[in-house]
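Residue numbers (full-length UniProt numbering): 1 to 770. Reading through the structure tokens given below for one structure.
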């Protein structure tokens with residue numbers, strides 16, 4: 001036990017410990033961290049270094065390392081004079097230039113995008129900035145050369161807001177920091193010994209009481225959870241209290257009046273002050289960089305990487321010298337059991353009633369330990385205690401063993417993610433797997449997913465999808481890459497080959513993208529990308545095979561837009577399904593193209609029918625109608641349809657007669673049928689014209705008699721009606737004469753024809769006339 005507590009340092013009633021995570025293996029010749037600008041991501045994230053110099057560098061070189069000091073990439077930054085680097089919540093490197101432009105890179109040095117903090121930043125330039133994490137994502141606050149604060153709470157949705165100016169700010173404040181809120185952010189600004197809380201709308205002066213005179217607040221630090229605040233003053237006094245400044249937890253004098261290089265929280269229980277030659281609380285050290293974590297602080301030096309944290313309660317209970325906690329007794333029992341000593345039974349009997357607590361303490365202590373050997377000893381002790389329990393805790397035990405196995409794997413030097421159990425609980429396993437994928441540790445990520453039995457759609461298949469997107473960037477032949485990807489992914493579900501093909505296209509490999517799309521089972525994903533690649537013919541073929549008419553129409557419309565009409569129709573003619581769908585569309589929306597299709601395919605009957613339909617349009621004049629009918633007649637003739645040709649000729653003759661009648665009688669006849677034209681001539685008293693139309697168009701006697709009786713009765717020309725009834729025997733009988741007279745309410749005229757009604761109908765018609 002002594003070796004476990006050897007690095008414990010008491011601080012009041014609690015203990016802190018510092019354990020080495022890695023011996024750093026920088027590949028730089030001289031890693032004096034005081035000569036570098038530094039940024040490290042929490043949760044065991046990567047480290048970025050950029051060499052600081054008084055000379056203006058056109059393209060400063062940024063190095064990105066794992067937490068173990070293993071180089072991941074280099075960036076030649078060409079975005080202007082660099083003022084600050086920092087990591088986002090999704091492990092993207094932010095490079096902030098003096099003109100307010102911000103460039104984002106991944107850990108492999110690949111450029112993502114850039115944005116700007118606005119015109120004010122560009123004109124006045126940036127002199128200080130703070131990167132913070134809020135519920136909205138990663139935020140950025142800057143102080144411009146004109147001493148204005150500009151803030152955006154989410155760099156993925158940049159909305160820059162200029163905050164209110166605290167009074168008397170005509171020089172950089174002595175210190176300032178961001179206080180993230182639920183959906184906004186406030187700034188705490190120190191101007192000498194005065195504190196101001198500012199936001200977009202107003203300024204509020206805050207009061208804080210120090211135990212001794214203070215001229216200036218030179219440094220501030222907010223705890224990882226945002227609940228506690230530390231203020232360092234020019235007198236060397238360190239004030240620790242609540243973030244709202246309402247409570248004071250402690251004050252002590254660090255006996256150093258110079259401003260610390262960094263002020264960081266170690267979890268939520270202590271504050272670490274770092275000067276150029278030593279760390280307060282820990283003792284003398286070389287130049288280092290502090291990275292706040294939820295349960296401690298990482299200390300990155302030129303030679304090693306250490307982790308300072310408050311000793312977890314469970315670890316203290318088990319290993320504290322003289323501890324009588326059940327966990328400590330169970331751990332001693334396990335050691336005696338290994339030695340096959342009878343004292344093991346005595347220890348277990350002493351804590352028989354508290355065995356569940358003992359098992360829980362050993363499991364929690366194992367989770368909090370970094371060394372695998374100590375983890376194993378604690379888990380053996382927990383297993384021993386568990387064997388004596390009636391109600392065992394296998395689920396918690398197994399889950400802890402599995403999680404520790406994962407943590408030990410990612411803590412390996414070649415991976416370099418020194419997460420603690422508590423950090424993983426906050427980070428979540430899914431995010432850890434995402435970070436392994438980001439670092440291209442695909443094999444390890446898949447093994448973890450398989451080991452933890454994570455569903456393939458969320459685990460292995462998703463990781464293989466990312467691997468495939470990386471694989472397409474390799475320099476092998478397209479055939480080899482496509483075959484390798486399909487061999488790996490063929491048995492995986494939920495993988496989109498379209499995304500992989502899109503990546504290949506983005507990297508300038510259209511042929512590889514085409515080969516990959518052959519494996520995509522979903523046409524709805526496949527076709528749009530083929531169109532984007534200008535593989536329209538293949539896209540049309542895939543769309544037709546899918547049976548999805550919407551997809552077919554999508555490709556057709558793109559072809560129509562990109563090709564000339566003749567080329568477009570020729571292309572469609574090679575695909576009958578697509579052509580038929582387009583013809584259906586044209587019938588309702590584009591008759592001109594439909595006519596071109598009929599002409600191209602020599603469909604003369606359809607062409608003629610179109611011309612006839614066109615001639616029916618009431619808006620057309622007679623000349624245009626005649627042209628349409630002339631085209632129809634020609635196409636009916638080409639189609640060999642004699643009957644339709646004859647009917648069209650008669651329609652043209654009728655139009656000609658109607659045009660003549662309009663000129664002679666000054667009445668409108670167009671857009672009427674032959675029957676209506678004859679009827680109108682009779683109503684107007686032009687009986688000769690009506691008779692001529694009857695003869696010219698060979699109107700049957702029966703039909704003509706109906707028209708004439710109706711028209712004469714309708715025009716109340718009773719004399720002519722009576723004369724017509726006597727001119728010859730009616731082929732339609734005399735009942736219609738009676739009916740049409742009655743329709744005009746003229747019973748007397750109707751009586752004239754009752755005698756000629758058929759005998760079987762006379763009674764009925766006598767009743768009709770009363």
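The beta carbon of each residue, even a glycine, is placed where N, CA and C say it ideally should be.
Helix or strand or just coil, what does DSSP make of residue i?
i: residue 244; result: coil
i: residue 332; result: helix
i: residue 14; result: strand
i: residue 155; result: coil
i: residue 777; result: For the chain, the structure presents residues 1 to 770; residue 777 sits outside this window and is missing.
i: residue 390; result: coil
i: residue 283; result: Low local confidence applies: a pLDDT of 40 at residue 283 is under 50, so the model's placement there is unreliable, with the coordinate-based value given in what follows. If DSSP states are grouped into helix, strand and coil, residue 283 belongs with the strands.
i: residue 19; result: strand
i: residue 34; result: helix
i: residue 566; result: helix
i: residue 749; result: helix
i: residue 162; result: strand
i: residue 52; result: coil
i: residue 301; result: strand
i: residue 754; result: helix
i: residue 341; result: coil
i: residue 486; result: helix
i: residue 319; result: helix
i: residue 7; result: coil
i: residue 220; result: strand
i: residue 114; result: strand
i: residue 362; result: helix
i: residue 704; result: helix
Following the continuous alpha helix (DSSP H) through residue i, name the residue where it begins and the one where it ends.
i: residue 677; result: 674 to 683
i: residue 513; result: 510 to 517
i: residue 718; result: 718 to 727
i: residue 73; result: Looking at the DSSP string, residue 73 is not in any alpha helix (DSSP H); the run it does join, the beta strand (DSSP E), is 71 to 76.
i: residue 660; result: 642 to 665
i: residue 124; result: 119 to 124
i: residue 526; result: 523 to 532
i: residue 777; result: Because the chain spans 1 through 770 in this model, residue 777 falls outside it and cannot be assessed.
i: residue 622; result: 622 to 639
i: residue 687; result: 687 to 696
Could you give the residue range of the beta strand (DSSP E) that holds residue i?
i: residue 304; result: 304 to 310
i: residue 289; result: 288 to 293
i: residue 83; result: 82 to 87
i: residue 233; result: 228 to 233
i: residue 738; result: Premise fails: residue 738 lies in the alpha helix (DSSP H), 735 to 743, not in any beta strand (DSSP E).
i: residue 273; result: 270 to 274
i: residue 94; result: 93 to 97
i: residue 497; result: Segment 497 to 506 is the alpha helix (DSSP H) holding residue 497; no beta strand (DSSP E) there.
i: residue 63; result: 61 to 65
i: residue 105; result: 101 to 105
i: residue 263; result: 262 to 266
Since residue i and residue j should fall inside the 8 Å C-beta cutoff, what is the C-beta to C-beta distance between them, to a whole number of angstroms?
i: residue 150; j: residue 118; result: 6 Å
i: residue 138; j: residue 127; result: Contact flag wrong, Cβ pair sits at about 21 Å.
i: residue 74; j: residue 61; result: 6 Å
i: residue 778; j: residue 461; result: Examination of residue 778 is not possible in this model, given that the chain is present from 1 through 770 alone.
i: residue 107; j: residue 438; result: 6 Å
i: residue 297; j: residue 266; result: 4 Å
i: residue 311; j: residue 17; result: 5 Å
i: residue 512; j: residue 472; result: 6 Å
i: residue 77; j: residue 59; result: 6 Å
i: residue 143; j: residue 167; result: Between residue 167 and residue 143 the Cβ distance is about 16 Å, and since that is not below 8 Å, they are no contact.
*Quick check: the region 521 to 537 against the region 498 to 507, are there 3 or more CB pairs under 8 Å?*
yes
*Does the region 240 to 257 come within contact of the region 216 to 231, defined as at least 3 CB pairs closer than 8 Å?*
yes
*With a cut-off of 8 Å, do at least 3 Cβ pairs link the region 662 to 674 to the region 636 to 647?*
no
*Taking contact to mean at least 3 C-beta pairs separated by less than 8 Å, is the region 415 to 423 in contact with the region 447 to 459?*
At 8 Å Cβ cutoff, the stretches do not touch.
*Could you give the uninterrupted runs of the beta strand (DSSP E) lying entirely in the region 181 to 210, keeping only those of 3 residues or more?*
DSSP runs (the beta strand (DSSP E)) wholly in the region 181 to 210: 185 to 191, 194 to 198, 203 to 206.
*asked:* Restricting to runs no shorter than 4 residues, where is the alpha helix (DSSP H) found entirely within the region 369 to 436?
replied: 372 to 386, 394 to 410, 421 to 427
*Determine, using beta-carbon pairs with one atom in the region 203 to 222 and one in the region 173 to 180, whether at least three such pairs fall under 8 Å.*
yes
*Give, in chain order, every unbroken run of the alpha helix (DSSP H) that is at least 4 residues long and sits entirely within the region 433 to 474.*
For the region 433 to 474, whole alpha helix (DSSP H) runs of length 4 or above, ordered along the chain, are 442 to 451, 460 to 471.
*What are the complete alpha helix (DSSP H) segments, minimum 4 residues, inside the region 558 to 612?*
565 to 573, 576 to 589, 591 to 600
*asked:* Across the region 12 to 32 and the region 376 to 395, are there enough close Cβ pairs to call them in contact, namely three or more that are closer than 8 Å?
replied: no
*Do the region 539 to 546 and the region 568 to 578 make contact, defined as three or more Cβ pairs closer than 8 Å?*
yes
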